[in-house]
Amino acid sequence: QQPFAIVVHGGAGYFGNQPEAVQAAYKAAMQRAIDAGYDVLSKGGSATDAVERAVMVLEDDSLFNAGKGAVFTHAGTNELDAAIMDGSNMKAGAVAGVTTIKNPITAARAVMDKSMHVMMTGRGAELFARENGCTVVKPAYFYTKHSWDALQNALRKEQKQKETNKKKAMLQPDNYDEKYG
Amino acid sequence: TVGAVALDKSGHLAAATSTGGMTNKRHGRVGDAPIIGAGTYANNICAISCTGWGEYFIRLVMAKSVSDRMELKGSTIDDAAKDMILQQLPSLGGDGGLIGIDKQGNITMPFNTGSMFRGYKKWNGEGDVKIYKD
């Protein structure tokens, strides 16, 4: 039998020792994404369709920092990025800084399949995605209390830093703990 | 950040990555996820999706470098990925992980952080979902 398989990740970082129930919720969500991609492959679908489908499942789950679970920027907005690449023909598509596309991976797929470009950003990317059938949502769709609280904590920490060292607080690389959301 | 890589029944590979960025980010910062070759890459050798401290993944051209090690050095996907994630990445001060799959269905999921949500399922029924290092 011709081998086929899917591998999925939901982010790397420092998760700490979480209660069993929390771990179980994450594992169940991961399994849903794996199963969604595997279902595409087992029916003879393409690897590109499989990875898009798997990522969409995770984007729709607020447990993960993508799509619905996106973290907040300093300005209190959600800016999402995504990319996809088809190894059979080296075609690739990516979007960056989109704020109203429900599933950014579908916008990346649209860039790959329906444009002569590889990467689009911001409002242009959103307009292109909208014109090519991607689902559009209001920015509020991406709000989660967890992510909002994380931003508030980061801002408080930053304010403390500013009080001790104004210059240091302005440097983005100091934002070590917040990089994973 | 989330991602997926796959090998289909036609022997084709693909990779996808999506992220909500970094809490409190400013100045239009963009990480590695949408950067083809850094956070996401696929050809007819392997497919790679990354997660971690994006600036370092961009500097290392992480995903493409895994493929290059396989193509030019003859490394297995696991050796190539581990070299990049466990040697090259921390040597610059970065952290994170990646998932990868090659043309034969061999997979790799290395990370140098405390945890990485990861899992897979193969044609022969083999599969798993993990969070922490085992």
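Chains as they are written, first to last, in the numbering used here: chain A, -19 to 161; chain B, 1317 to 1450.
Think of the CB as a built atom: it goes at the ideal place given N, C-alpha and C, for glycine as much as any other residue.
Everything numeric in this text was worked out from a predicted model, so none of it was measured.
Assumed close pair residue i, residue j - CB separation to whole angstroms, cut-off 8 Å
{"i": "LEU131/A", "j": "GLY56/A", "result": "7 Å"}
{"i": "ALA1295/B", "j": "ALA1332/B", "result": "This structure gives no information on residue 1295/B, because the portion of chain B shown stretches from 1317 to 1450."}
Proximal chain E residues relative to residue i, where beta-carbon distance stays under 9 Å
{"i": "VAL1377/B", "result": "The structure shown has no chain E; the protein chains it does contain are A and B."}
Below-7 Å beta-carbon distance, residue i vs any chain A residue
{"i": "GLY1390/B", "result": "no"}
{"i": "ARG1434/B", "result": "yes"}
{"i": "TYR1357/B", "result": "yes"}
{"i": "PHE1373/B", "result": "no"}
{"i": "ILE1393/B", "result": "no"}
{"i": "GLY1421/B", "result": "yes"}
{"i": "LYS1380/B", "result": "no"}
Proximity test, residue i beta-carbon vs the ligand SAH heavy atom, cut-off 6 Å
{"i": "ALA72/A", "result": "Absence of the ligand SAH is noted for the structure shown, with no ligands found whatsoever."}
Same chain, Cβ closer than 6 Å to residue i, neighbours up to 5 away in sequence not counted
{"i": "GLY102/A", "result": "GLY77"}
{"i": "ALA1330/B", "result": "ALA1322, ALA1358 and ALA1363"}
{"i": "GLY161/A", "result": "Note on GLY161/A: pLDDT 49, under 50, position unreliable in the model; the coordinate value appears next. Closer than 6 Å at Cβ, skipping near neighbours: ASN45 and VAL51."}
{"i": "ALA13/A", "result": "VAL(-12), ALA34, VAL37 and LEU38"}
{"i": "PHE122/A", "result": "ALA50 and ASN58"}
{"i": "THR1335/B", "result": "THR1317 and ALA1349"}
Neighbourhood of residue i by C-beta, 8 Å cutoff - its chain only, sequence neighbours within 5 removed
{"i": "LEU1395/B", "result": "Checking the sequence shown, residue 1395/B turns out to be Asp, not Leu. Counting only Cβ-Cβ distances below 8 Å, and skipping sequence neighbours, we find ARG1385."}
{"i": "ASP29/A", "result": "VAL20"}
{"i": "ALA5/A", "result": "LEU43"}
Start-to-end residues for the alpha helix (DSSP H) that takes in residue i
{"i": "GLY102/A", "result": "102 to 111"}
{"i": "TYR1372/B", "result": "1370 to 1375"}
{"i": "LYS142/A", "result": "125 to 144"}
7 Å Cβ cutoff, residue i in contact with chain B
{"i": "SER68/A", "result": "yes"}
{"i": "LEU60/A", "result": "yes"}
{"i": "HIS97/A", "result": "no"}
{"i": "THR53/A", "result": "yes"}
{"i": "GLY104/A", "result": "no"}
Span of the beta strand (DSSP E), counted from its first residue to its last, around residue i
{"i": "SER1431/B", "result": "1431 to 1438"}
{"i": "TYR(-6)/A", "result": "First-last for TYR(-6)/A: undefined, no H or E at that position."}
{"i": "ALA1358/B", "result": "1356 to 1358"}
{"i": "ASP1444/B", "result": "1443 to 1448"}
Other residues of its chain near residue i: CB distance less than 7 Å, five sequence neighbours each side excluded
{"i": "THR53/A", "result": "GLU59"}
Open item on the list: List, from N- to C-terminal side, the beta strand (DSSP E) runs of 3 residues or more that fit wholly inside the segment 47 to 108 of chain A.
Closed with: 60 to 66, 71 to 78 and 99 to 101
- [ ] Counting only runs of 3+ residues fully inside the segment 1321 to 1353 of chain B, write out the beta strand (DSSP E) ranges in chain order.
- [x] 1329 to 1335
TODO: Pick out the complete beta strand (DSSP E) segments inside the segment 1360 to 1413 of chain B, 3 residues or longer, and give them in chain order.
DONE: 1362 to 1368
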